[in-house]
Amino acid sequence: MSDMRIKRIYEPASDDDGARILVDRLWPRGISKEAAQVSIRLKEIAPSNELRTSFSHMPSRFTKCARHYDVELSARRATLLSYGAGSLSPATRSMGQTQWRA
1 MSDMRIKRIY EPASDDDGAR ILVDRLWPRG ISKEAAQVSI RLKEIAPSNE LRTSFSHMPS
61 RFTKCARHYD VELSARRATL LSYGAGSLSP ATRSMGQTQW RA
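Quick note on UniProt numbering: the sequence shown kicks off at 1 and runs consecutively.
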């Protein structure tokens, strides 16, 4: 995934982004589809609903959920890599607590 960058969906789009790939199961709050400028939405590579709800934005659960998500993602990695260069755009307040942390 060396050609992929991570950039919050709330940050303005730029020419350097490449394809803006939204990687969340739910549409992010507070941003319109026009403002998000999403190239493609890949809900199927986002954490499963079960994993998403078990995390519940509780920092104490993040490490465990991230490990479980790594397992989920391994089965979906080919889908992501087929898009080449781009920006993974999670709807997160903290880049330190996103499944796509660098």
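For glycine and all other residues, C-beta sits at the position ideal for the given N, C-alpha and C.
With a threshold of 16 other beta carbon atoms within 10 Å, Asp24 meets it and is buried. Between Ile45 and Leu73, the C-beta gap is smaller than 8 Å, which places the two residues in contact.
Taking C-beta separations shorter than 6 Å and ignoring five residues to either side along the sequence, the partners of Leu88 in its chain run Met4, Ile6, Ile21, Val23, Trp100, following chain order. Within the same chain, Ser54, Phe55 come within 8 Å of Arg61 by CB-CB distance, once the 5 residues on both sides are set aside. Asn49 and Asp17 have their C-alpha atoms some 27 Å from each other.
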